[in-house]
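Keeping their order, the protein sequence lines are chains A and B. Add 436 to a position in the first sequence, counting from 1, and you land on the number used in the numbering used here. Add 436 to a position in the second sequence, counting from 1, and you land on the number used in the numbering used here. Reading through the structure tokens given below for one structure.
Protein chains: 2
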Amino acid sequence: MADREADPRAKLEEMGNSIVTDIRSGKNPKFVTLARKRSNIVYDAKAGYLRLGKSKEERDFVNVAQSKRFMQTVAIASKCHKFVKENLHTTIRGLFYQLKYSLGEDVDENIFSEQSESNPLIEDLEVALDLTRENLNLNANRKGVLAGNMKVLDKFGDERIEIDCAKQGRSGWAIPSDVDNDIKFVDVKAKYAIVVEKDALWQRLNEDGFWKKENAILITPQGQAARGTRRLIRKLADQGLPVYVFTDSDAWGWYIYWTIKTGSINLAYIGDDVATPEARFIGVTMSDLDKYDFLNKLTMNASEVDLKRAQEMLNYEWIKRNREWVTELERMIKSKKKLEQDALQGPRLTFVDDYIKEKVKNRDFLP
Amino acid sequence: MADREADPRAKLEEMGNSIVTDIRSGKNPKFVTLARKRSNIVYDAKAGYLRLGKSKEERDFVNVAQSKRFMQTVAIASKCHKFVKENLHTTIRGLFYQLKYSLGEDVDENIFSEQSESNPLIEDLEVALDLTRENLNLNANRKGVLAGNMKVLDKFGDERIEIDCAKQGRSGWAIPSDVDNDIKFVDVKAKYAIVVEKDALWQRLNEDGFWKKENAILITPQGQAARGTRRLIRKLADQGLPVYVFTDSDAWGWYIYWTIKTGSINLAYIGDDVATPEARFIGVTMSDLDKYDFLNKLTMNASEVDLKRAQEMLNYEWIKRNREWVTELERMIKSKKKLEQDALQGPRLTFVDDYIKEKVKNRDFLP
């Protein structure tokens, strides 16, 4: 768990000071972080998410093979320290350009020639210092929209801003990159949070006032959930809200669900910060074909990717132990059919509302 | 120009009634629309945007080659009539599923088997009836965010919602799919609108309070502009606001600019509704390399796509007449270098603010 109470500036300065102390006392400065390679990513069955193991990675300054990366890591830390001190945010692209610029004036050499070099070192720094990218004032891509009975206390310059997520009309509140620093969620009065894969369905449900009638928080990640949206879902679960996820019954939809629930390989280093193992899958499911006869007319052909992915998922540890998921996947593989959440609009546009309500009422979820 | 004062329900009913009248009087019902094929898309040099020419397309009911499409068009019109009557919105995907469902119960035959069949017929209907997709209650994908001194009067059910775009914190107001029906923009107090290609830069400028200090409307289409965002930009220009576009100096950035300015082939049938020929290009430009020396260290290699596209653009009628654009394109082709807007963060994160301010002050734009 990233130390969210930590003072990033103090941590960065401590790192810098310890390097200086080492050099002054003739010691070889060392940078230690947890390895983020595949073999050090574990599925924590008890906690229910992907996280890093204990394998470490060391980087020495006085080591021909490591000194360049050591220097690069320090350069990144120094820039982030500046951003934090200035209280300004940028992206990893912006950081890359600052690094490219900074050496550029005096030396005819780049610290980095490609951003693909700097990106992993930023993650190393996050892990080593037990901080997140957000603490280092580096924004990630944002995506996702929310409506419901809750308020956001945001900051704009010195001004405090209160955003009422029940008063955002057709738009909804756009979920930012960072939902931790200088931002708070208050008056969360909903009974549950529902995460809808497609923005189109979110708009459909929002138009019907679904979140108001059901007293739910209605979220769409607009496809795969961005880091900020995953973190927001985690935070809502921390407030005691049940989280239900509603996607297509296909490879992409399942991926979206499992990423929200167990986290992902890429973000395993902040697994407990972004995963919501309590999340449940509301649909659409292959077994809906038995419950709602009309859906049999509205299936689509599963693609090769869908079938391949379903086959792969059958080998996942966290799937194998769930009989219901195994049945779902086998059914798709056998029938070669998939089902989209949009199909629930077939009989009438508002059917999707009733579908969710009924599933929630009957607690008809997949684990 | 789509007739935005029109009553879509009345128009759809008129269409239906005229078909019935034709059939009853023994006439062959006919559906007439403007052709949307390439050869009927013209660049209107005087108006400054792409629009449809005068070539027409007719579809007869009693004609073996045309009767299926005639029937499909009528089925779409009938569904849209239902949506408008119910006052509910969906997407072209939702419409497709309703069409798939509706015949399905009695007949073992689909009106449509693929959505690629229904999509062009929706556009035919829009053109034939001089309506927009938004009038037919069909939402398009939405993308894009705005901050600035203006208010949005939106509707949510029977409730009127007022959204202050100066009070949206780090998020901004999410631009909806439809910015015409049941939505109004009031108290637009800004001096100009600036459209920033990348959300990352939008966030950078928003954090600095750029729109507040400059009294500008700060928009990002988040890449290529969605229909709703293009229409919003058009509407702001109609209110007398100058529109400045700020993108990368590469193929994709230029495409974003020219789409906002002259419209696009796909949306030529609503060209005057979504194009903003008054828009000016603020940067980044290849000639910035002369003005800001440090940028020479921060160029990137142009890709094959960039170079090919630059070469193509030199043949466009609307480029050829602009000496400055020709110079820009030739310079990229010769140097094989491109420039990203993110590079302006090189010397300091807030440099991008000064860059825009200076260009606006000196009216240093490309046409």
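All C-beta atoms, glycine included, are put in the ideal place defined by N, C-alpha and C.
Is the beta carbon of B/Ala471 less than 9 angstroms from the beta carbon of B/Glu493?
-> The residue labelled residue 471 of chain B in the question sits at position 35 within the second sequence. The residue labelled residue 493 of chain B in the question sits at position 57 within the second sequence. Cβ atoms of B/Ala471 and B/Glu493: closer than 9 angstroms.
Could you check which residue in B/Gly605, B/Glu764, B/Asn546, B/Ala501 has the C-alpha nearest to that of B/Asp726?
-> Residue numbering aside, residue 726 of chain B sits at position 290 when the second sequence is read from its first letter. With distances taken between Cα atoms, B/Asp726 lies closest to B/Glu764.
Assess, as a yes-or-no matter, whether the stretch 637-650 of chain A is touched by the stretch 549-567 of chain A under the definition of 3 or more beta carbon pairs within less than 8 angstroms.
-> no
Given 8 angstroms, three or more beta-carbon pairs between the stretch 651-664 of chain B and the stretch 623-631 of chain B = yes
Assuming B/Ala610 contacts A/Ser607 under a Cβ cut-off of 8 angstroms, what Cβ separation, rounded to an integer in Å, is found between them?
-> For this step, residue 610 of chain B is matched to residue 174 along the second sequence. For this step, residue 607 of chain A is matched to residue 171 along the first sequence. 4 angstroms between Cβ atoms; contact.
Rounded to whole angstroms, what's the CA-CA distance from A/Arg759 to A/Gly707? Just pull it up for me.
-> For the purposes of this step, residue 759 of chain A is identified with residue 323 of the first sequence, where counting begins at 1. For the purposes of this step, residue 707 of chain A is identified with residue 271 of the first sequence, where counting begins at 1. Roughly 25 angstroms separates the two Cα atoms.
Residue nearest to A/Gly645 in terms of C-alpha spacing, selected from B/Gly593, B/Ala662, B/Gln502 | Locating residue 645 of chain A in the first sequence gives position 209, where the first residue counts as 1. Checking every option, the nearest Cα to that of A/Gly645 belongs to B/Gly593.
Would you report the Cα separation of B/His517 and A/Ile528, rounded to the nearest angstrom?
-> Along the second sequence, one-based indexing puts residue 517 of chain B at 81. Along the first sequence, one-based indexing puts residue 528 of chain A at 92. Their backbone Cα atoms lie some 49 angstroms apart in a straight line.
Among A/Leu731, A/Lys482, A/Phe467, A/Met768, nearest to A/Thr698 - alpha-carbon criterion | Here residue 698 of chain A is taken as the residue at index 262 of the first sequence, counted from 1. Among A/Leu731, A/Lys482, A/Phe467, A/Met768, the Cα nearest to that of A/Thr698 belongs to A/Lys482.
May I ask you to verify whether the stretch 439-448 of chain A touches the stretch 657-669 of chain A, counting CB pairs closer than 8 angstroms and requiring at least 3?
-> no
Could you have a look at A/Asp726 and say whether DSSP puts it in helix, strand or coil?
-> For this step, residue 726 of chain A is matched to residue 290 along the first sequence. Note: A/Asp726 maps to helix in three-state DSSP.
With respect to the beta strand (DSSP E) encompassing B/Gly719, which residues constitute its N-terminal and C-terminal limits?
-> Sequence index remark: in the second sequence, residue 719 of chain B carries index 283 (1-based). Note, B/Gly719: beta strand (DSSP E), 716-719.
Assuming B/Lys733 contacts A/Lys774 (C-beta within less than 8 angstroms), just tell me the rounded distance between them.
-> Working through the second sequence from its first residue, we reach residue 733 of chain B at position 297. Working through the first sequence from its first residue, we reach residue 774 of chain A at position 338. Contact flag wrong, Cβ pair sits at about 50 angstroms.
Out of curiosity, what's the CA-to-CA distance linking B/Lys772 and B/Ile792?
-> The residue labelled residue 772 of chain B in the question sits at position 336 within the second sequence. The residue labelled residue 792 of chain B in the question sits at position 356 within the second sequence. Between B/Lys772 and B/Ile792, the C-alpha separation is close to 25 angstroms.
Can you give the Cα-Cα distance for B/Val622 and A/Glu748, rounded to whole angstroms?
-> Here residue 622 of chain B corresponds to residue number 186 of the second sequence, with the count starting at 1. Here residue 748 of chain A corresponds to residue number 312 of the first sequence, with the count starting at 1. Approximately 53 angstroms between the Cα atoms of the pair.
Residues of chain B with a CB under 8 angstroms from the CB of A/Asp635: which are they?
-> Your numbering for residue 635 of chain A matches position 199 in the first sequence. Residues of chain B passing the Cβ test: Asn577, Arg578.
For B/Ile696, does the three-state DSSP call read helix, strand or coil?
-> As a first step, residue 696 of chain B must be located in the second sequence, where it is residue number 260. Three-state DSSP puts B/Ile696 in a helix.
How close, in whole Å, do the beta carbons of B/Asn464 and B/Phe497 come, if the pair is a contact with beta carbons under 8 angstroms?
-> Along the second sequence, read from residue 1 onward, the residue named residue 464 of chain B stands at position 28. Along the second sequence, read from residue 1 onward, the residue named residue 497 of chain B stands at position 61. Right, the Cβ-Cβ distance comes to about 6 angstroms (below 8 angstroms), so this counts as a contact.
Got a sec, what are the start and stop residues for the beta strand (DSSP E) B/Phe621 sits in?
-> Locating residue 621 of chain B in the second sequence gives position 185, counting from the first residue. That run of the beta strand (DSSP E) goes 620-622.
Assign B/Glu570 to buried or exposed, taking buried as 16 or more other Cβ atoms, counted over all protein chains shown, within 10 Å of its Cβ.
-> As a first step, residue 570 of chain B is located in the second sequence; it is residue number 134 there, counting from the start. Burial check for B/Glu570: the Cβ neighbour count within 10 Å reaches 16 or more, so the residue is buried.
Locate the alpha helix (DSSP H) running through B/Tyr791, then write down its first and last residues.
-> In the second sequence, counting from the first residue as 1, residue 791 of chain B sits at position 355. From DSSP, the alpha helix (DSSP H) with B/Tyr791 extends over 787-797.
Does B/Arg529 come within less than 9 angstroms of chain A when only Cβ atoms are used?
-> Sequence index remark: in the second sequence, residue 529 of chain B carries index 93 (1-based). Taking Cβ atoms only, chain A reaches closer than 9 angstroms to B/Arg529, which makes this a yes.
Tell me the DSSP bridge mates of B/Asn577?
-> Along the second sequence, read from residue 1 onward, the residue named residue 577 of chain B stands at position 141. B/Asn577 is not bridged to any residue.
Ends of the alpha helix (DSSP H) at A/Lys756?
-> As a working note, residue 756 of chain A is residue 320 in the first sequence. Counting along the chain, the alpha helix (DSSP H) containing A/Lys756 begins and ends at 753-756.
Decide if B/Asn617 is buried, meaning its Cβ has at least 16 other Cβ atoms within 10 Å, or exposed.
-> One-based indexing of the second sequence puts residue 617 of chain B at position 181. Burial call: exposed.
Return the CA-CA distance between A/Glu650 and A/Glu714, expressed in angstroms with no decimal places.
-> For the purposes of this step, residue 650 of chain A is identified with residue 214 of the first sequence, where counting begins at 1. For the purposes of this step, residue 714 of chain A is identified with residue 278 of the first sequence, where counting begins at 1. Going by the C-alpha atoms only, they are around 20 angstroms apart.
A/Ile701 burial status per 10 Å Cβ neighbour count (16 or more: buried) | Locating residue 701 of chain A in the first sequence gives position 265, counting from the first residue. So A/Ile701 ends up on the exposed side.
Rounded Cβ spacing between A/Ile477 and B/Gly605 (contact assumed at less than 8 angstroms) | For this step, residue 477 of chain A is matched to residue 41 along the first sequence. For this step, residue 605 of chain B is matched to residue 169 along the second sequence. Wrong, their Cβ atoms sit about 35 angstroms apart, outside the cutoff.
Backbone secondary structure at B/Val510 - three-state DSSP = Residue 510 of chain B sits at position 74 when you count from the first residue of the second sequence. Helix.
Alpha carbon to alpha carbon, how far is A/Asp684 from A/Gly719? Give it in angstroms, no decimals.
-> As a working mapping, residue 719 of chain A is identified with position 283 in the first sequence. As a working mapping, residue 684 of chain A is identified with position 248 in the first sequence. Going from the Cα of A/Gly719 to the Cα of A/Asp684 covers about 7 angstroms.
For A/Trp609, write down the residues that DSSP places opposite it in a beta bridge.
-> For the purposes of this step, residue 609 of chain A is taken as residue 173 along the first sequence, with counting starting at 1. Note: A/Trp609 sits in a beta bridge opposite A/Leu582, B/Trp609.
Out of B/Glu550, B/Asn523, B/Met586, which has the shortest C-alpha to C-alpha gap to B/Tyr533?
-> For the purposes of this step, residue 533 of chain B is taken as the residue at position 97 of the second sequence. Comparing Cα positions, the closest option is B/Glu550.
Chain B beta carbons: is any one of them nearer than 9 angstroms to that of A/Phe519?
-> The residue labelled residue 519 of chain A in the question sits at position 83 within the first sequence. A/Phe519 counts as touching chain B.
Please list the partners that A/Ile669 has in chain B, where partner means a Cβ-to-Cβ separation under 8 angstroms.
-> Along the first sequence, one-based indexing puts residue 669 of chain A at 233. Simply none; closest approach about 17 angstroms.
Contact with chain B by A/Thr721, beta-carbon distance below 9 angstroms = As a position in the first sequence, residue 721 of chain A is number 285, starting the count at 1. It does not: the Cβ of A/Thr721 has no partner Cβ on chain B nearer than 9 angstroms.
Under 8 angstroms by Cβ, that's how I've got A/Arg505 and A/Arg495 pegged, so tell me the actual separation to the nearest angstrom.
-> Against the first sequence, residue 505 of chain A aligns to sequence position 69. Against the first sequence, residue 495 of chain A aligns to sequence position 59. Yes, they are in contact, since the Cβ atoms of A/Arg505 and A/Arg495 sit about 6 angstroms apart, within 8 angstroms.
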